[in-house]
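Single-structure report; data block below.
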Amino acid sequence: MKVIFAGTPEFAAQALRAIIAAGHEVPLVLTQPDRPAGRGQKLQPSPVKQVALAHGIPVHQPERLKDPATHIPIVEADADVMVVAAYGLILPQAVLDIPCHGCLNIHGSLLPRWRGAAPIQRAIEAGDKESGIVIMQMEAGLDTGPMLLTEALPIADDDTAATLHDKLAALGARLIVDALGRLSELRAVPQPEAGVTYAHKIEKAEAALDWTMPAAQLARRIRAFNPFPGATTKHGDQVLKLWQAHPVAGQGDPGEILAAGEDGILVACGDGALCVTELQKPGGKRTPAADFLRGQPLTPGARFA
Numbered sequence: 364m365k366v367i368f369a370g371t372p373e374f375a376a377q378a379l380r381a382i383i384a385a386g387h388e389v390p391l392v393l394t395q396p397d398r399p400a401g402r403g404q405k406l407q408p409s410p411v412k413q414v415a416l417a418h419g420i421p422v423h424q425p426e427r428l429k430d431p432a433t434h435i436p437i438v439e440a441d442a443d444v445m446v447v448a449a450y451g452l453i454l455p456q457a458v459l460d461i462p463c464h465g466c467l468n469i470h471g472s473l474l475p476r477w478r479g480a481a482p483i484q485r486a487i488e489a490g491d492k493e494s495g496i497v498i499m500q501m502e503a504g505l506d507t508g509p510m511l512l513t514e515a516l517p518i519a520d521d522d523t524a525a526t527l528h529d530k531l532a533a534l535g536a537r538l539i540v541d542a543l544g545r546l547s548e549l550r551a552v553p554q555p556e557a558g559v560t561y562a563h564k565i566e567k568a569e570a571a572l573d574w575t576m577p578a579a580q581l582a583r584r585i586r587a588f589n590p591f592p593g594a595t596t597k598h599g600d601q602v603l604k605l606w607q608a609h610p611v612a613g614q615g616d617p618g619e620i621l622a623a624g625e626d627g628i629l630v631a632c633g634d635g636a637l638c639v640t641e642l643q644k645p646g647g648k649r650t651p652a653a654d655f656l657r658g659q660p661l662t663p664g665a666r667f668a
């Protein structure tokens, strides 16, 4: 098929690679404008743009798609269908109507659960046992369109947002190629009206841990916020990032350090305790707790806040 592709991060780049490898013609790629990144804050192309350039595919990078002039390259591409994955811009109805087979979205949750911007993180944070990919026919609403293909996968007890992202990206790439290969025979199934939840964008302000929360909930939040924005806690004047932890038995004042040794740093929570096994001090690298403690000892009775 002749496929326009719209996406920005690595999740989308995997799907674009798979579509190209499957032999589909991609006359145009839409992606977000280059953004400053890294220490030098130099403009960096998105992962999707990098794939497009490597394959000689024209790239269109509008700031938004409200202006009809930004639609001209899409019309001129004369594609059968547009595939959208983590693009980051809202597609107005006028754009959705351009390809003759409309626009297909690769969504990283089992819709209608976790519509919105951060389905991977919110599924882990909520303690969901499974996630998955839905290939959806797009409409003007936020992830409300009918579903063409769905496949679930389990969320492992040690999955972080990074590891679950990689599993779902691979699954999404496989499913979109499957969908494009038999688009004419797939039946669009409306989403159930029950079970709708929204995965709101992850904000940096959510990073700070509240030690009055149950240990199991804090452990999920640490996994959900790995790698972004990274769960944080204060020790004195330092803001530490916590990268790996698991709930254990224990009690004390929320935030109180109950023990610190080779097995980790045991911190009292509102219910139970959290054993922190990997953390990071400002300007440092991620470090196993045992190594961290050799450089910065913590004693029982000290506090995280």
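In this note's numbering, the protein residues as written are 364 to 668.
Heads up, the beta-carbon is just placed ideally off N, CA and C, and yes, glycines get one too.
Identify the residues that DSSP records as bridge partners of Cys463: which are they? As a first step, residue 463 must be located in the sequence shown, where it is residue number 100. Beta bridge pairing from DSSP links Cys463 with no other residue.
I need the DSSP call for Gln377, collapsed to helix, strand or coil. Counting from 1 along the sequence shown, the entry for residue 377 is found at position 14. Helix at Gln377.
Can you find the residues in the same chain that come closer than 7 Å, C-beta to C-beta, to Pro475, ignoring five residues on each side of it along the sequence? Walking along the sequence shown from the start, residue 475 turns up at place 112. Answer for Pro475: Gln554, Pro555, Gly558, Val559, listed in chain order.
DSSP three-state assignment for Glu488, whether helix, strand or coil: In the sequence shown, counting from the first residue as 1, residue 488 sits at position 125. Collapsing the DSSP output to three states places Glu488 in a helix.
Relative to the C-alpha of Ala570, which residue among Asp541, Trp606, Leu543, Asp430 is closest? For the purposes of this step, residue 570 is taken as residue 207 along the sequence shown, with counting starting at 1. That would be Trp606, whose Cα lies nearest to the Cα of Ala570.
Determine whether the beta carbon atoms of Ile469 and Glu493 lie at a separation below 7 Å. Position 106 of the sequence shown, counted from the first residue, corresponds to residue 469. Position 130 of the sequence shown, counted from the first residue, corresponds to residue 493. Glu493 sits away from Ile469, with the two beta carbons spaced by 7 Å or more.
Note the first and the last residue of the continuous beta strand (DSSP E) segment covering Lys604. In the sequence shown, counting from the first residue as 1, residue 604 sits at position 241. Residues 601-611.
Closest to Asp616 by C-alpha separation, out of Asp460, Ala417, Asp529, Asp573, would be which residue? On the sequence shown, residue 616 is found 253 positions in, with the first residue counted as 1. Measuring C-alpha to C-alpha distances from Asp616 to each of Asp460, Ala417, Asp529, Asp573 identifies Asp573 as the nearest.
Cα-Cα separation, Ala507 to Arg380: Within the sequence shown, the letter at position 144 stands for residue 507. Within the sequence shown, the letter at position 17 stands for residue 380. In the sequence as displayed, the identity of residue 507 is Thr instead of Ala. Each residue's alpha carbon lies about 26 Å from the other.
From the DSSP output, in three-state form, read off Lys644 for me. As a first step, residue 644 is located in the sequence shown; it is residue number 281 there, counting from the start. Secondary structure at Lys644: coil, using DSSP grouped into helix, strand and coil.
Using DSSP bridges, identify the partner residues of Arg398. Locating residue 398 in the sequence shown gives position 35, where the first residue counts as 1. Residue pairing of Arg398 in beta bridges, as defined by DSSP: Gln407.
Short of 6 Å in beta carbon distance, which residues of its chain neighbour Ala674, apart from the five on each side in sequence? Order them along the chain. Residue 674 lies beyond the range of the chain shown here (364 to 668); nothing can be said about it.
Complete runs of the alpha helix (DSSP H) confined to the region 542-625 [at least 4 residues]: 578-587, all fully within the region 542-625.
What would DSSP say about His418, mapped onto helix, strand or coil? Working through the sequence shown from its first residue, we reach residue 418 at position 55. Of the three classes helix, strand and coil, the one that applies to His418 here is coil, per DSSP.
Which residue wins for smallest C-alpha separation from Ala568, given the options Phe588, Gly647, Ala536? Here residue 568 refers to the residue found at position 205 when the sequence shown is read from its first residue. Of Phe588, Gly647, Ala536, the residue nearest in Cα terms is Phe588.
Could you tell me how far apart the beta carbons of Arg446 and Leu546 are, in whole angstroms, since I believe they sit closer than 8 Å? Locating residue 446 in the sequence shown gives position 83, where the first residue counts as 1. Locating residue 546 in the sequence shown gives position 183, where the first residue counts as 1. Strictly speaking, residue 446 in this sequence is Val, with Arg absent from that position. With a Cβ gap of about 11 Å, Val446 and Leu546 do not count as contacting.
Sorted by chain position, which residues of the same chain lie with C-beta nearer than 6 Å to Arg478's C-beta, five sequence neighbours on each side aside? Within the sequence shown, the letter at position 115 stands for residue 478. Cβ within range, chain order: Leu505, Asp506, Tyr561.
Could you check the C-alpha separation between Leu656 and Val411 for me, to the nearest Å? Here residue 656 refers to the residue found at position 293 of the sequence shown. Here residue 411 refers to the residue found at position 48 of the sequence shown. Their Cα atoms are separated by approximately 41 Å.
Short check: CB of Cys638 to CB of Val611, under 7 Å? Numbered from 1 along the sequence shown, position 275 holds the residue referred to as residue 638. Numbered from 1 along the sequence shown, position 248 holds the residue referred to as residue 611. Contact flag set, yes.
For my contact list, Gly613 and Gly635 are in at a C-beta cut-off of 8 Å; report their separation, rounded to the angstrom. Mapped onto the sequence shown, residue 613 falls at position 250. Mapped onto the sequence shown, residue 635 falls at position 272. Cβ atoms of Gly613 and Gly635 come within 8 Å of each other, at about 6 Å.
Ile437, buried or exposed, once every other Cβ within 10 Å from all chains shown has been counted against 16: Counting from one through the sequence shown, the residue named residue 437 turns up at place 74. When all chains shown are included, Ile437 counts as buried.
Is the region 578-592 touching the region 480-494, taking contact as three or more C-beta pairs under 8 Å? With a cut-off of 8 Å, the region 480-494 and the region 578-592 count as touching, because enough Cβ pairs lie within range.
For my contact list, Gln580 and Pro645 are in at a C-beta cut-off of 8 Å; report their separation, rounded to the angstrom. Within the sequence shown, residue 580 is the residue found at index 217, counting from 1. Within the sequence shown, residue 645 is the residue found at index 282, counting from 1. Here Gln580 is actually not in contact with Pro645; their C-beta atoms are around 26 Å apart, not less than 8 Å.
Report back the beta-carbon spacing between Ile367 and Ala457 to the nearest angstrom; my notes put them in contact at under 8 Å. Here residue 367 refers to the residue found at position 4 of the sequence shown. Here residue 457 refers to the residue found at position 94 of the sequence shown. The Cβ separation is near 14 Å, so there is no contact.
May I ask which residues mark the beginning and end of the beta strand (DSSP E) holding Ala631? Here residue 631 is taken as the residue at index 268 of the sequence shown, counted from 1. Start and end: 627-631.
Mind checking Ala594: buried by the 16 CB within 10 Å criterion, or exposed? Locating residue 594 in the sequence shown gives position 231, counting from the first residue. With 16 or more other Cβ atoms from the protein chains shown falling within 10 Å of its own Cβ, Ala594 counts as buried.
In terms of residues, what are the limits of the alpha helix (DSSP H) holding Pro436? The residue given as residue 436 occupies position 73 in the sequence shown. Per DSSP, Pro436 belongs to the alpha helix (DSSP H) from 435-440.
Using 10 angstroms around the beta-carbon of Thr523, count the other beta-carbons present and answer buried if the total reaches 16, otherwise exposed. Your numbering for residue 523 matches position 160 in the sequence shown. By the neighbour-count definition (other C-beta atoms within 10 Å, threshold 16), Thr523 is a buried residue.
Which residues does DSSP list as the beta-bridge partners of His470? For this step, residue 470 is matched to residue 107 along the sequence shown. BP columns for His470 point to Val497.
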